Each structure stands twice: as structure tokens, then as C-alpha cells.
Amino acid sequence: MKIKLPIKEIIVTNTQQVLVTEEGYRRIVANLANQVVSKFEKHERIPMVFVATGAAMFWADLGRELSRRGYHNLDCGYMDVTSYGESNISQGVLSSTDPSVDVKNRRVLLVEDIVDTGLTLEYVIKRLYDLGAVDVVVVALVKKRGTLNPSVDFGRATLLIGESIPDVFVVGLGMDGHSVMVGGNIGRMYPELVPITWLEQQLSVKLPE
86 MKIKLPIKEI IVTNTQQVLV TEEGYRRIVA NLANQVVSKF EKHERIPMVF
136 VATGAAMFWA DLGRELSRRG YHNLDCGYMD VTSYGESNIS QGVLSSTDPS
186 VDVKNRRVLL VEDIVDTGLT LEYVIKRLYD LGAVDVVVVA LVKKRGTLNP
236 SVDFGRATLL IGESIPDVFV VGLGMDGHSV MVGGNIGRMY PELVPITWLE
286 QQLSVKLPE
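The working numbering applies: residue 86 is where the sequence shown begins, and numbers increase by one.
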């Protein structure tokens with residue numbers, strides 16, 4: 086199922102349902118970039134790995150902010166990780182690939198869009214260390230409140246969180262509904278972060294569960 090609508094038809098008018106505005110998103114990215122700067126030296130060659138595909142937009146914007154701060158030695162890569170499947174709740178890792186850049190004996194900047202149960206992030210961090218990473222700094226755009234699985238252990242990784250949000254399934258800012266909104270469709274282009282239930286009401290459609 087794909088929903089093809091012009092972006093102008095879905096711009097938010099009722100901001101009460103917006104969790105992160107476009108302007109707020111830019112502030113979050115800039116703030117996180119400042120925190121990353123405090124963790125890495127400019128001369129370091131940094132593997133900057135994003136968790137595909139939801140974090141792609143955030144990863145690109147964060148990379149631009151780091152470049153503006155003089156961090157040009159970024160080895161850009163990704164890990165293709167699936168954790169939601171057909172559910173609105175993270176099920177842990179359902180499928181994954183290893184990072185597309187070498188991480189052995191290197192400090193890794195891991196870019197994630199959302200921390201939910203933490204099971205996916207725990208797996209990815211452990212995999213990076215298993216592949217020889219000496220340190221992992223995680224930058225996450227948002228974290229849901231009260232959803233972290235009590236068994237999750239991020240080990241010695243450092244977590245930098247941009248914003249805390251309620252426990253709702255969200256779309257926008259690169260995040261989508263089970264990959265049904267890609268390319269020029271609403272999920273990848275949507276400029277704000279909103280609960281998926283509210284977006285369904287605005288579009289008069291039901292997205293897959």
C-alpha cells in the first residue's frame with residue numbers, strides 16, 4: 086500500500102498534535118551536533134553509521150551540522166535493521182546487516198531515529214563491539230517515555246538523546262509507517278513528527294498495523 090499525496094495536502098494545521106515541529110527538529114539536530122563535538126576530535130576519522138531506513142534523514146542533517154563545525158572526516162555508512170515488521174511496537178531485531186563501513190579499532194558514531202524498547206539498539210551496539218569497535222556513541226533523535234525494556238543493557242556505549250516523546254507510534258522527519266510511505270510520499274517528506282493515529286484521521290486512511 087502506498088499513499089501518494091502532494092506534500093501541500095498534509096502540512097499540519099492543528100499543531101496540538103505535533104510532537105516535534107520542523108523548527109524544533111532543527112534545534113535538536115544542532116544541539117546534538119554540539120554534544121557530538123564534545124565527544125570526538127576533528128582529526129578523527131569517524132565511522133558515522135545510521136540505522137536504516139528511518140534514521141536516514143536525521144543522519145544526513147546531523148552530518149551537515151557536523152561539517153559546519155569542521156568535522157569533515159566522516160566515513161558514512163549504514164546498518165539495515167528491521168525491528169517493527171507489521172507491528173507498531175518494536176519486536177527486537179527481525180533482520181539486519183553488518184555496517185557498510187569498517188568499524189574495527191575505531192570509535193563509532195551510531196545514528197538512530199527513535200529509541201523504543203531499546204532491544205534493537207542493544208543488538209546494534211553489541212554487534213558493533215563484536216566487529217571490533219572500541220567505542221560507540223549513540224545519537225538518537227527521540228526516545229519514548231516508559232517503553233524501555235528492563236532487561237536492556239547498552240554496556241559502555243554513550244547515549245545522546247534529542248527529545249523525549251510520549252509512547253505513541255509516530256511518523257515524520259524520515260520515520261514511516263512500515264515503509265509504506267517512501268520516496269516522494271508522505272512519510273519521508275513529512276516535515277514534523279506526529280502520532281500516526283492523528284495522521285490517519287487527517288488523510289482519512291488507515292495505515293497498516
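Note that CB positions come from ideal geometry on N, CA and C, so glycine has one too.
Quantities reported herein were computed from a predicted structural model and do not represent experimental measurements.
Distance between residue j and residue i (C-alpha atoms, nearest Å)
i	j	result
residue 205	residue 243	16 Å
residue 249	residue 130	30 Å
residue 138	residue 148	16 Å
residue 157	residue 125	12 Å
residue 214	residue 235	21 Å
Buried versus exposed, by CB contacts within 10 Å (16 or more), residue i
i	result
residue 87	Reliability fails at residue 87, whose pLDDT of 36 lies under 50, so the model's placement of it is uncertain and no value is given.
residue 105	buried
residue 52	It is not possible to answer for residue 52, since the shown part of the chain is limited to 86 through 294.
residue 112	exposed
residue 127	exposed
residue 155	exposed
residue 198	buried
residue 247	buried
residue 132	buried
residue 231	exposed
residue 212	buried
heavy atom of the ligand MN below 7 Å from residue i C-beta
i	result
residue 104	What this structure holds is no ligand at all, so the ligand MN is not there to describe.
Short Cβ contact (8 Å threshold) for residue i with residue j
i	j	result
residue 110	residue 258	yes
residue 118	residue 159	no
residue 115	residue 196	no
residue 233	residue 255	no
residue 134	residue 164	yes
residue 181	residue 162	no
residue 237	residue 207	yes
Residues sharing a beta bridge with residue i, DSSP
i	result
residue 278	105
residue 164	136
residue 159	131
residue 218	Note: residue 218 sits in no beta bridge, so no partner.
Do the segment 217 to 225 and the segment 158 to 168 touch if we need at least three Cβ pairs shorter than 8 Å?
no
Is it the case that the segment 189 to 197 contacts the segment 209 to 220, given that we only count it when at least three CB pairs across the two stretches are under 8 Å?
yes
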